[in-house]
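**Q** Pasting in a structure now, in structure tokens, and then I'll have a few things to ask.
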Amino acid sequence: MRPRHLLSKLTLNHHNIKTLGVCLLLSVGLMSFGRGAYIQLKAYVAQWLIESAWQQQQLTGIPHKPWSWADTHPVAKLMLPGQSPLMVLSGVSGRNLAFGPTLQLNTAAPSDHYSANNSHGNVVIFGHNDTHFRPLGTLKQGDRLSLTNVNGQTIDYQITQMAIVDEHQVQVAQDTTEAVLTLITCYPFDSLSSGGPLRYVVRAERIAHFNAGSR
1 MRPRHLLSKL TLNHHNIKTL GVCLLLSVGL MSFGRGAYIQ LKAYVAQWLI ESAWQQQQLT
61 GIPHKPWSWA DTHPVAKLML PGQSPLMVLS GVSGRNLAFG PTLQLNTAAP SDHYSANNSH
121 GNVVIFGHND THFRPLGTLK QGDRLSLTNV NGQTIDYQIT QMAIVDEHQV QVAQDTTEAV
181 LTLITCYPFD SLSSGGPLRY VVRAERIAHF NAGSR
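My numbering puts the first residue of the sequence shown at 1, with every later residue one more than the last.
Following this line, the structure appears as structure tokens:
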């Protein structure tokens, strides 16, 4: 084979390999985008269904599943500054977290903080950092949050602390002698994978006054 033809063939092969590489990168990018879009859409649609179940609960006083095969139900409505309401599901599990923030069941319940006898305890809520709890990264000390319980009573809180902790630092999720709300998500927020060793924790203290009958 003549050198000129050989060079042309090598150049063509190199061009094909480069084109194939670009196509593979684009394919991976599109797949990643598609998966990300699906996760976002799933999280959004689930919140709409959970909100509908919440409204049914408010009317009947009976726990209502957001879909027929669900093993959970809404237990609270969380309001973050400048964000749409987030419906909180009962029980922390990987499946529940895909649909919304989830309430830890072995510490205080949202209804425990609405009491004339100054009840206490740590209301702990977990959420994913790429969907529902992504706004946690924008919160500041002094910001106010609110949590509406299953009885339609809204409790206000003020952020007193933000911290990055190791996942094994379990004391942040343990009960307390004060009435506090603790929000926990994975960290960092821009991580390409979830479930790393770090957690971002927002701690807020209950404000003394109550908002009765808010739904």
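C-beta atoms are modelled at their ideal positions from N, C-alpha and C, and glycine is treated no differently.
As the structure is a prediction and not an experimental result, all values here were calculated from the model.
Look at the alpha carbon of Gln55 and the alpha carbon of Leu89, and state the distance between them as a whole number of angstroms.
**A** If you take the alpha carbons of Gln55 and Leu89, they lie about 14 Å apart.
**Q** Excluding sequence positions up to five away, which residues of its chain have a Cβ less than 7 Å from the Cβ of Thr177?
**A** Excluding positions up to five away in sequence, the list reads His120.
**Q** In terms of alpha-carbon separation, which member of Gln47, Cys186, Tyr114, Trp48 lies closest to Asn149?
**A** Out of Gln47, Cys186, Tyr114, Trp48, Tyr114 has the C-alpha closest to the C-alpha of Asn149.
**Q** In terms of DSSP beta bridges, what is Gln158 paired with?
**A** DSSP, once it has assigned bridges, lists Arg144, Glu205 as partnering Gln158.
**Q** Please check the pair Arg206 and Val180, which I expect to be a contact at CB under 8 Å, by giving their CB distance rounded to whole angstroms.
**A** At roughly 7 Å, the Cβ-Cβ gap stays under 8 Å, so Arg206 and Val180 are in contact.
**Q** The beta strand (DSSP E) with Asn106 in it runs from where to where?
**A** No beta strand (DSSP E) holds Asn106; DSSP gives it neither H nor E.
**Q** State the beta-bridge partners of Asp166 as determined by DSSP.
**A** BP columns for Asp166 point to Leu198.
**Q** Apart from the five residues on each side of it in sequence, which residues of its chain come closer than 6 Å, Cβ to Cβ, to Ile184?
**A** Only Phe126, Arg199, Val201 meet the Cβ criterion.
**Q** Taking only three categories from DSSP, how would you classify Thr138?
**A** Residue state, collapsed to three classes: helix.
**Q** Just to confirm the assignment, what range does the alpha helix (DSSP H) spanning Leu181 have?
**A** Note, Leu181: premise wrong, no alpha helix (DSSP H); beta strand (DSSP E) at 179-187.
**Q** Mark Asn106 as exposed unless 16 or more other C-beta atoms lie within 10 angstroms of its C-beta, in which case mark it buried.
**A** Asn106 is exposed by the Cβ-count criterion.
**Q** So is Lys77 buried or exposed if we call it buried at 16+ other beta carbons inside 10 Å?
**A** Answer is buried; the Cβ neighbour count reaches 16.
**Q** Does any heavy atom of the ligand GDP sit closer than 7 Å to the C-beta of Gln169?
**A** Ligands displayed in this structure: none; no statement on the ligand GDP is therefore possible.
**Q** Run through the DSSP bridge pairs and tell me what Asn149 is partnered with.
**A** Asn149 pairs with Ala76.
**Q** Would you call Leu86 buried or exposed, if buried means 16 or more other Cβ atoms sit within 10 Å of its Cβ?
**A** Burial call: buried.
**Q** Count the other CB atoms within 10 Å of the CB of Gln231; is the residue buried (16 or more) or exposed (fewer)?
**A** This structure cannot settle anything about residue 231, because the visible part of the chain is limited to 1 through 215.
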